[in-house]
Every structure is written in structure tokens, then in C-alpha cells.
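Quick notes on the structure that follows.
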Amino acid sequence: MEQLIHRVEEWVRQQPIEQIYVAFAVLIFTISFFGLFRVLRRSKSNTILLAGLSGSGKTVLFYQLRDGSPHLGTVTSMEPNDGTFVLHSELEKNGKLKPVHLIDVPGHSRLRPKLDELLPHSAGVIFVVDSLDFLPNCRAAAEYLYDILTKAIIVKRRIPMLILCNKADKVTAHSKEFIRKQLEKEIDKLRASRSAISTADIANDFTLGIPGETFAFSQCRNKVTVAESSGLTREVSQVEQFIRELVKP
Amino acid sequence: MLEQLLIFTRGGLILWELGNALKGSPIDALIRSCLLEERSADAAFHYDAPAGCAAYTLKWAFDNDLGLVFVAVYQRILHLLYVDDLLAAARREFSRVYEPKRTSYDDFDETFRQLQKEAEARAEEMRRFKQAGRAPAAPGKKQVPGAASRGSGKQRSSGGGGSGKDESDGYPGKGRRSENGSSNGHENEIKPNSRAQNVVVHGKENGAPRVDAFDVSKLQKLRSKGAKKTDTGGGGCKAAKAEPKKIAKKNRVWDDSPSESRLDFTDPVADRGEGPEVVVADQGESMMDKEEIVSSDSEGEEDEEVGNEKPGTKKKGWFSSMLQSISGNAVLEKSDLRPALKALKDRLMTKNVAEEIAEKLCESVATSLEGKKLGSFTRVSSTVQTAMEEALLRILTPKRSIDILRDVHAAKEQGRPYVVVFVGVNGVGKSTNLAKVAYWLLQHKINVMLAACDTFRSGAVEQLRTHARRLQIPIFEKGYEKDPAIVANEAIQEAKRNNSDVVLVDTAGRMQDNEPLMRALSKLINLNNPDLVLFVGEALVGNDAVDQLTKFNQKLADLSMVPNARLIDGILLTKFDTIDDKVGAALSMVYVSGAPVMFVGCGQSYTDLKKLNIKSIVKTLLK
Numbered sequence: 001m002e003q004l005i006h007r008v009e010e011w012v013r014q015q016p017i018e019q020i021y022v023a024f025a026v027l028i029f030t031i032s033f034f035g036l037f038r039v040l041r042r043s044k045s046n047t048i049l050l051a052g053l054s055g056s057g058k059t060v061l062f063y064q065l066r067d068g069s070p071h072l073g074t075v076t077s078m079e080p081n082d083g084t085f086v087l088h089s090e091l092e093k094n095g096k097l098k099p100v101h102l103i104d105v106p107g108h109s110r111l112r113p114k115l116d117e118l119l120p121h122s123a124g125v126i127f128v129v130d131s132l133d134f135l136p137n138c139r140a141a142a143e144y145l146y147d148i149l150t151k152a153i154i155v156k157r158r159i160p161m162l163i164l165c166n167k168a169d170k171v172t173a174h175s176k177e178f179i180r181k182q183l184e185k186e187i188d189k190l191r192a193s194r195s196a197i198s199t200a201d202i203a204n205d206f207t208l209g210i211p212g213e214t215f216a217f218s219q220c221r222n223k224v225t226v227a228e229s230s231g232l233t234r235e236v237s238q239v240e241q242f243i244r245e246l247v248k249p
Numbered sequence: 001m002l003e004q005l006l007i008f009t010r011g012g013l014i015l016w017e018l019g020n021a022l023k024g025s026p027i028d029a030l031i032r033s034c035l036l037e038e039r040s041a042d043a044a045f046h047y048d049a050p051a052g053c054a055a056y057t058l059k060w061a062f063d064n065d066l067g068l069v070f071v072a073v074y075q076r077i078l079h080l081l082y083v084d085d086l087l088a089a090a091r092r093e094f095s096r097v098y099e100p101k102r103t104s105y106d107d108f109d110e111t112f113r114q115l116q117k118e119a120e121a122r123a124e125e126m127r128r129f130k131q132a133g134r135a136p137a138a139p140g141k142k143q144v145p146g147a148a149s150r151g152s153g154k155q156r157s158s159g160g161g162g163s164g165k166d167e168s169d170g171y172p173g174k175g176r177r178s179e180n181g182s183s184n185g186h187e188n189e190i191k192p193n194s195r196a197q198n199v200v201v202h203g204k205e206n207g208a209p210r211v212d213a214f215d216v217s218k219l220q221k222l223r224s225k226g227a228k229k230t231d232t233g234g235g236g237c238k239a240a241k242a243e244p245k246k247i248a249k250k251n252r253v254w255d256d257s258p259s260e261s262r263l264d265f266t267d268p269v270a271d272r273g274e275g276p277e278v279v280v281a282d283q284g285e286s287m288m289d290k291e292e293i294v295s296s297d298s299e300g301e302e303d304e305e306v307g308n309e310k311p312g313t314k315k316k317g318w319f320s321s322m323l324q325s326i327s328g329n330a331v332l333e334k335s336d337l338r339p340a341l342k343a344l345k346d347r348l349m350t351k352n353v354a355e356e357i358a359e360k361l362c363e364s365v366a367t368s369l370e371g372k373k374l375g376s377f378t379r380v381s382s383t384v385q386t387a388m389e390e391a392l393l394r395i396l397t398p399k400r401s402i403d404i405l406r407d408v409h410a411a412k413e414q415g416r417p418y419v420v421v422f423v424g425v426n427g428v429g430k431s432t433n434l435a436k437v438a439y440w441l442l443q444h445k446i447n448v449m450l451a452a453c454d455t456f457r458s459g460a461v462e463q464l465r466t467h468a469r470r471l472q473i474p475i476f477e478k479g480y481e482k483d484p485a486i487v488a489n490e491a492i493q494e495a496k497r498n499n500s501d502v503v504l505v506d507t508a509g510r511m512q513d514n515e516p517l518m519r520a521l522s523k524l525i526n527l528n529n530p531d532l533v534l535f536v537g538e539a540l541v542g543n544d545a546v547d548q549l550t551k552f553n554q555k556l557a558d559l560s561m562v563p564n565a566r567l568i569d570g571i572l573l574t575k576f577d578t579i580d581d582k583v584g585a586a587l588s589m590v591y592v593s594g595a596p597v598m599f600v601g602c603g604q605s606y607t608d609l610k611k612l613n614i615k616s617i618v619k620t621l622l623k
């Protein structure tokens with residue numbers, strides 16, 4: 001063993017000194033290159049998730065953003081719709097545009113675990129709410145929203161969220177203010193029932209808002225905004241604005 | 001003849017459709033209650049539009065390689081034989097035309113019409129061939145659609161003759177006149193005027209009075225069914241519905257011994273020295289609120305698989321299969337899947353999953369994998385394993401929220417108590433687990449009240465009284481030999497008066513085949529309309545779980561007077577600590593009933609109640 005080390009030392013001393021410097025430099029350069037790459041890549045994720053209850057219009061919205069029309073219509077999704085593309089309305093604009101990676105996650109409760117898999121890589125979440133049929137589904141929507149807002153990844157990375165009141169073109173659709181207030185009320189109640197007594201908050205990782213005050217979306221650590229849209233009549237300007245803010249070209 | 005044929009992607013986009021608009025939303029119902037419930041190996045799916053205006057049958061086919069679903073919809077009374085054929089042909093043709101980014105396929109119309117003509121011609125030929133060869137068998141086949149058409153004809157007639165004008169009924173005029181109450185008399189009138197088919201049907205069934213009872217009960221069954229499959233076996237429903245007279249209630253006599261004169265041994269309200277009751281000290285947190293520590297298992301599964309795989313693939317030749325698994329171009333055929341699926345099915349059955357459930361699951365996984373291309377460097381068995389794991393996760397994930405505390409708070413706001421009814425067969429642990437649930441609710445500062453509606457078993461009321469005294473909660477009891485439905489009703493009113501948030505109703509254990517007891521249970525549930533019907537099942541049960549749950553659900557649906565019958569809303573799995581890793585009963589029960597497992601009882605003391613950890617169950621099942 002000792003002899004081996006001795007021999008290696010002698011061999012090293014015999015090499016011209018420049019070669020050793022070059023070897024070191026290459027090594028350090030490669031390591032720093034990979035390190036930088038990893039750091040940079042994380043902050044430039046361009047994945048946006050479309051989540052929401054079943055029937056709220058996510059798949060229609062997905063195809064509106066991609067192709068400009070929902071084609072022949074949609075049925076309940078069984079698998080996520082995944083696509084990387086430049087938004088359809090921006091195809092006419094010239095200049096280099098960064099494609100957006102949009103994933104439409106099925107809203108059916110049996111397929112909820114899929115959302116957990118996709119959250120780590122996302123830069124933003126669009127939570128789609130059906131403003132037409134809102135009141136019967138208010139509780140379910142609030143529970144889903146609460147589950148998403150209390151996930152560790154969302155809170156730690158402050159992933160911004162847009163609550164989108166879809167189907168706003170219909171006459172009997174509720175306004176976004178009404179929906180916002182209702183959701184805040186429901187989440188307030190959920191806060192009370194979910195994290196009331198038990199110290200081990202089993203279902204959710206974090207608690208929302210400030211204890212003692214009624215919940216408001218402005219209390220969330222990540223940015224939560226509310227907007228309106230209509231999937232069928234192509235009123236998606238606010239959505240596109242949100243997406244563009246997150247995925248800077 | 002087909003109402004509609006639809007081609008859509010698994011992600012939900014409709015690629016091509018042909019046909020008229022459908023009433024209601026049958027496709028969504030198909031996806032939600034059949035395809036996502038891992039019943040994709042079923043032959044067909046029946047759908048009733050909500051207003052009762054149409055009844056459809058749906059058949060489907062998958063193209064797993066491209067991720068497409070082909071669905072054909074037609075009227076239920078038609079018995080089209082060429083649909084499977086047509087779906088297979090359409091799948092072949094469409095997969096040639098399909099491109100991933102393309103979204104409009106108008107040229108497929110022409111191809112499809114051609115295929116439809118060919119399929120109809122083939123079916124016509126086969127029918128002529130069969131009729132020539134086997135004449136007596138044909139009426140037997142037509143019996144089902146005949147009875148169904150008569151049943152659905154009556155449904156429309158009672159609905160005031162809705163939109164069922166174009167259905168192939170022989171008697172729209174007569175149908176409109178007959179009212180519900182006098183159905184018996186009008187039935188006899190209609191029979192001679194009906195078509196030849198129905199006469200044949202009539203002859204096959206056992207005599208006239210039976211047919212009357214059959215139709216009346218079938219009518220009520222049809223009305224009470226939502227989107228559930230119709231049960232054409234009308235044998236179970238007795239003709240008791242037609243009898244208007246009341247039968248006085250007699251004591252149940254189980255054997256030949258002379259009946260006792262007095263069976264009610266309950267003490268009057270003042271207890272006579274039953275000994276000091278120990279008020280239960282706070283025994284600590286119920287396990288419901290504790291985090292589950294999931295142990296990470298080692299990857300011992302991989303070695304097992306290799307052993308199972310070797311005998312199966314010898315057919316194809318080891319070298320070629322290795323080459324294909326590396327290159328990743330092998331298309332999965334049923335013959336490839338069969339050995340892996342058989343191994344999986346055996347493994348599931350050793351974990352105490354009911355045999356028919358394991359069978360159905362394996363078939364469903366096979367349907368979803370057939371025709372798929374193997375990824376590179378993957379074996380058949382690992383693909384099958386992944387698919388099965390996903391399927392199991394999907395089934396066990398609840399399809400509605402199981403947050404009871406939230407529901408209790410919601411009921412509290414509305415100013416009424418939240419009522420939970422515990423049902424199940426004998427000896428599964430209803431009373432014990434009722435006490436555990438009460439303890440858990442008490443820990444969350446909720447006022448609980450017990451209702452002793454088990455008025456049959458000796459000592460049941462005392463048992464609950466002891467629990468109530470130990471937990472210091474009120475109990476509502478009326479002793480023995482009383483009608484449980486009335487007791488429950490009064491208990492709920494009492495709860496409203498003394499501001500209890502939750503009422504836990506204990507019922508007597510009963511076998512699923514016992515008709516009078518099931519009727520009593522149905523009466524209790526319909527009279528009181530509880531918020532949660534909890535089926536208590538023990539984890540030790542084997543194949544009987546399937547029978548218990550189907551019969552309970554069926555009886556609750558049949559014997560109720562209202563259209564939307566209350567069915568089992570949740571499952572409480574008991575005696576979980578007695579099975580080591582044979583956790584299959586959970587899967588059987590959830591698959592059969594569609595209800596989520598809300599609690600798991602894992603011991604005999606108050607704190608032994610926990611939530612079902614889905615990931616660990618799936619891991620244990622597939623180990």
C-alpha cells in the first residue's frame with residue numbers, strides 16, 4: 001500500500017506542472033457547469049397545471065389555448081392532457097416566444113393523486129371553477145382548493161395560483177367576487193374542522209391564514225388571484241396574461 | 001339503429017362522432033361509473049336518463065396503443081348483435097387514419113357508413129342462419145328484451161306518456177290509459193293485445209299471478225333505479241306489495257321451543273346496584289388522529305417476479321423476448337398477459353380478495369393493456385404490475401369526501417343532528433366500533449348521543465348503556481321488542497331537543513338473505529333518512545363480502561318506497577388487527593359497493609380506530 005502511494009507520488013511529480021493545472025481546471029469547470037445548470041433550470045420551469053373539479057371546463061380551456069377552439073367537444077377526462085406549445089393567440093405575433101408546457105389534470109376524485117405527482121415541477125396552478133353550477137359544488141371545490149393550498153410544495157415555493165371562474169359567458173353565472181367570497185367562507189370553515197384540536201394535522205401539511213381572523217386569499221403565502229373566463233367563447237385573455245407573467249420569454 | 005358512435009381520447013377530447021344528440025349525459029356516466037371503476041371488462045353499460053325519457057345501452061372498445069376509446073350508444077330495448085363487430089372494425093380503420101395532432105376526421109364518415117352496412121349485413125346473415133338451425137332457442141333469447149320492453153312501456157305509461165313515442169311498443173294507446181294503482185286489472189287487458197313475443201314470454205313464466213307481481217314490482221324497481229343496472233331476475237321480490245292487508249306482528253320463533261311469556265328483561269330506569277361504573281379516563285388520542293408510520297419495504301418483490309415469469313415466457317423463446325423487451329416494440333397480446341395476470345390473480349387471492357373480484361380486476365387490467373406497445377427495457381410482468389397498482393389505487397381512492405367532521409359541522413349549522421346508522425351482519429363488531437367512533441367524536445368536542453335500536457339481541461341495550469355511562473354521553477333506549485324504526489325516530493327528535501350534534505344508531509345484526517329483517521332495516525333507513533349509512537364489515541370475511549354488500553344494497557334499493565333509495569354510503573372495516581397482511585377484504589368491499597372505507601377498527605379498546613392508508617394497502621396486496 002505504502003509503496004503504491006510512493007510510486008504514484010513520484011509519477012505525479014514527474015509530469016509537467018501545466019498538465020496538472022489543466023486537469024484541475026477542467027474538473028472544476030465541469031462541476032460548476034452542472035451546478036449552475038441545475039440551479040438555473042429549476043427557476044425556469046415553464047409548466048402550468050390546470051386543476052379543478054370534474055366538469056369545470058379544464059379540457060375545453062386546454063384546447064382553446066392550444067388550438068383556438070375546443071373542436072367537437074369533450075367528455076370526462078381519464079388521463080392528463082399534456083402539451084408544450086405557444087399559445088394560439090400569440091402565434092400571429094412575431095418574435096421568439098417561449099413555448100408553455102400546459103398540463104390538464106383530470107378533476108375526478110379518483111384521479112386526484114395524479115396532481116401530487118405533477119406539482120413539484122410546476123411554475124403555476126390555474127384552479128378552474130364552474131361559475132354556472134357553483135353553489136351545489138361549492139363545498140367540494142373549496143375542499144379541493146384547500147387541499148392544494150395546504151400542500152407543502154405550494155407553500156414553500158410560493159407557487160402562484162389563479163382561481164378561474166369559467167363559463168362566465170352564461171347569463172346565470174356568478175360573478176367572480178361572489179365566488180371569491182363563498183370560497184373564502186368555506187375554506188374558513190374547513191380550517192376550523194380540519195385543524196381544530198388534533199395537534200398532528202394528518203390530512204394537511206400546513207394551516208392556512210392567520211388563526212383568529214376570517215380567511216382571505218390575501219393571507220396566503222403564495223399569490224392567489226381571481227379571474228373570469230369563458231372556454232367556449234374564447235374569452236381567455238386573463239388566463240393568457242397569467243401564463244405570460246409566469247413563463248417569461 | 002345506433003343512436004350514436006363516439007370516438008374520443010383518454011384525455012377527454014372528442015375526435016369524431018356520428019349520430020343524434022343524446023338525452024342526459026350517458027358518456028360521462030359511463031366513464032365515471034364504469035371505466036374509472038375498473039369495470040371496463042363488463043359486456044355493456046346501461047344508462048337511464050334522469051327524467052326517465054330514455055334508456056340507453058352503451059358498449060365500448062379501447063385502443064390502448066393510441067389511447068382512444070370507441071363508444072357505441074343505442075336504445076336499450078333494441079338488441080343489436082353487430083355492435084361489438086362494428087366497434088372492432090371501426091377501431092381497425094380509425095387507427096390507420098389517426099394522427100396525434102390531428103383533431104378533425106370528417107373523411108371517416110364515409111368509411112364508417114361502409115363499415116356499418118357491412119356489419120349489419122353480417123349480423124343479418126348470422127341471424128338467419130341461427131334461426132334456421134335453432135328455432136326453439138330464439139324465443140328464449142327474446143324473453144329478456146320482451147320483458148324489458150314491457151317493463152319500460154309501463155314506465156312510460158305511468159310517467160304520463162312522456163317522450164316514448166318512437167319506442168318499439170305495441171300498445172301506446174292502452175299504455176296511456178292504465179294507471180298505476182289499477183295495474184293488475186289492466187295488465188290482463190293488455191296481455192292479449194301484445195305482440196307475439198310477449199305471449200311466448202308469458203308462457204315461459206310461472207303462471208299469471210306471478211307475472212302480475214313481477215311487473216308491479218319491476219315497475220317500482222325501475223322507478224327506484226337511477227343509473228344502476230336493471231335486475232331482470234324478478235324472483236326475489238315477493239308479491240307482498242300487492243297485498244293491502246296488514247299482518248299483525250308476531251314474535252319471531254327460531255326453533256320449536258315454546259315461546260317465552262316475557263322476553264323483556266330490562267330493568268326499569270332506576271338501576272339496582274349494578275356496581276360503580278368506571279368513567280373512562282381519557283385513554284389518549286384515538287388512532288384516527290395519529291399519523292400513520294409507513295414502513296418502507298425492501299424491494300423483495302423483484303426476485304419473486306422473476307421466478308413467476310420464467311415458466312410463462314418459455315413459449316416465445318427466451319432470446320426473441322429479450323430482444324423485444326430491449327427494443328421495446330412488442331405489442332401486448334392477451335396471450336402474453338395471461339400468465340402474468342394469472343400470477344397476479346393468485347397473489348391477490350392469497351391476500352383474501354374475493355375470487356370474482358380478483359377475476360374482474362384482472363380482466364379490466366387486461367382490457368386496458370391489450371394492444372399497447374411495451375416500453376423499452378420493460379418486461380410484461382412489470383407493466384402488468386404497474387397497471388394493476390394504478391387500478392388498485394384508483395379503486396381505493398374515495399370518490400367523495402370522507403371528512404365526517406366537516407359534515408357534522410355542516411349539519412350543526414343547519415340546526416339538525418347528524419345521524420349515522422351502523423348496519424351489518426351478525427357479530428362483526430357494530431356496537432364495539434360504535435363506541436370507538438363516539439370516543440373519537442368526543443375528543444373533537446362534539447356532542448354525541450347513542451340510540452339503542454338493537455331491540456332483539458339480549459344484552460344489546462345494556463351494552464350500549466355501559467358504553468354511554470363510561471363515555472358520559474346520553475343514550476336513548478326503549479328496551480326490547482320495540483320497532484327499531486320508531487325508536488330511531490324518537491331518538492333523533494330527542495337529540496334535537498337536547499342539542500346533540502351526532503346520533504349514532506345501533507341496529508341488530510342480520511343476514512343479507514333474511515327478507516323480513518332486511519325489510520325492517522329498509523324501513524328504518526327510509527323513515528329516518530340518516531346522513532350516513534355505515535356498513536360494518538369484518539376484515540376476516542372472504543368471498544362472502546361480495547354477497548353481503550350486493551344483497552344489502554339491492555335490498556335497500558328494492559324495498560324502499562322512494563325513487564332515490566339510500567344505499568350504503570361508507571364502510572367500517574373491523575378486526576383489522578387479526579389479519580396480518582391478508583387485507584383483501586377491503587378491496588372486495590370497496591369494489592362491489594363503490595363506497596369508501598371511512599374507518600378501520602384495529603383492536604378492542606376505545607382508541608383502536610384509524611383511517612385506511614391506501615398506499616400501504618396497495619403495497620401489501622401486491623407484495
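Heads up: the protein sequence lines correspond to chains A and B, in order.
This note's numbering numbers the first residue of the first sequence as 1 and each following residue consecutively.
This note's numbering numbers the first residue of the second sequence as 1 and each following residue consecutively.
For glycine and all other residues, C-beta sits at the position ideal for the given N, C-alpha and C.
Backbone CA spacing between residue i and residue j [nearest angstrom]
| i | j | result |
| --- | --- | --- |
| isoleucine 446(B) | valine 502(B) | 7 angstroms |
| alanine 203(A) | tyrosine 146(A) | The pLDDT assigned to alanine 203(A) is 48, lower than 50, so where the model puts this residue is not dependable; a value taken from the coordinates is nonetheless given after this. If you take the alpha carbons of alanine 203(A) and tyrosine 146(A), they lie about 11 angstroms apart. |
| lysine 151(A) | arginine 38(A) | 24 angstroms |
| arginine 91(B) | alanine 61(B) | 8 angstroms |
| valine 22(A) | isoleucine 31(A) | 14 angstroms |
| valine 26(A) | proline 16(A) | 16 angstroms |
| glutamate 413(B) | histidine 174(A) | 24 angstroms |
| isoleucine 473(B) | lysine 482(B) | 22 angstroms |
| aspartate 42(B) | valine 541(B) | 25 angstroms |
| glutamine 624(B) | leucine 504(B) | With chain B covering only 1 through 623, there is no way to say anything about residue 624(B). |
| alanine 21(B) | leucine 5(B) | 11 angstroms |
| alanine 366(B) | isoleucine 148(A) | 33 angstroms |
Integer Cβ distance of residue i from residue j, believed to fall under 8 angstroms
| i | j | result |
| --- | --- | --- |
| histidine 71(A) | threonine 103(B) | 5 angstroms |
| arginine 32(B) | threonine 76(A) | 6 angstroms |
| alanine 277(A) | asparagine 46(A) | Shown here, chain A extends from 1 to 249; a query on residue 277(A) therefore has no answer. |
| lysine 176(A) | alanine 227(A) | 7 angstroms |
The beta strand (DSSP E) enclosing residue i, as first and last residue numbers
| i | result |
| --- | --- |
| methionine 598(B) | 597-601 |
| lysine 167(A) | Looking at the DSSP string, lysine 167(A) is not in any beta strand (DSSP E), and its letter there is neither H nor E. |
| phenylalanine 127(A) | 124-130 |
| glutamine 75(B) | 68-75 |
| asparagine 418(B) | In the sequence as presented, asparagine is not what sits at residue 418(B); that position holds tyrosine. It spans 418-423 - the beta strand (DSSP E) in which tyrosine 418(B) sits, taken as one unbroken run. |
Residue i classed as buried or exposed, judged by whether at least 16 other C-beta atoms fall within 10 angstroms
| i | result |
| --- | --- |
| threonine 59(A) | buried |
| glycine 57(A) | buried |
| methionine 288(B) | buried |
| lysine 615(B) | exposed |
| leucine 186(A) | Sequence inspection shows glutamate at residue 186(A); the leucine mentioned does not correspond to that position. The residue in question, glutamate 186(A), is buried, as its Cβ has 16 or more Cβ neighbours within 10 Å. |
| alanine 121(B) | exposed |
Range of the contiguous alpha helix (DSSP H) that encloses residue i
| i | result |
| --- | --- |
| valine 590(B) | 584-593 |
| glycine 133(B) | 108-133 |
| glutamate 79(A) | Note, glutamate 79(A): premise wrong, no alpha helix (DSSP H); not H, not E. |
| methionine 388(B) | 380-396 |
| lysine 156(A) | 152-157 |
Inset, instruction - Check distances from the C-beta atoms of the stretch 358-381 of chain B to those of chain A and list, in chain order, the residues that come in under 9 angstroms. - result: For the stretch 358-381 of chain B, the set of positions with a beta-carbon nearer than 9 angstroms to some beta-carbon of chain A is empty.
Legend entry - Residues in the stretch 181-194 of chain A having any Cβ partner in chain B nearer than 9 angstroms: Lys189, Leu190, Ala192, Ser193, Arg194
Inset, instruction - Give, in chain order, every residue of the stretch 127-157 of chain A whose Cβ lies closer than 8 angstroms to some Cβ of chain B. - result: Arg139, Ala140, Glu143
Legend entry - Residues from the stretch 556-568 of chain B in contact with chain A, defined by Cβ distance under 7 angstroms: none
Legend entry - Short-range partners of chain B found in the stretch 70-87 of chain A, where Cβ spacing is below 9 angstroms: Pro70, His71, Leu72, Gly73, Thr74, Val75, Thr76, Ser77, Met78, Glu79, Pro80, Asn81, Asp82
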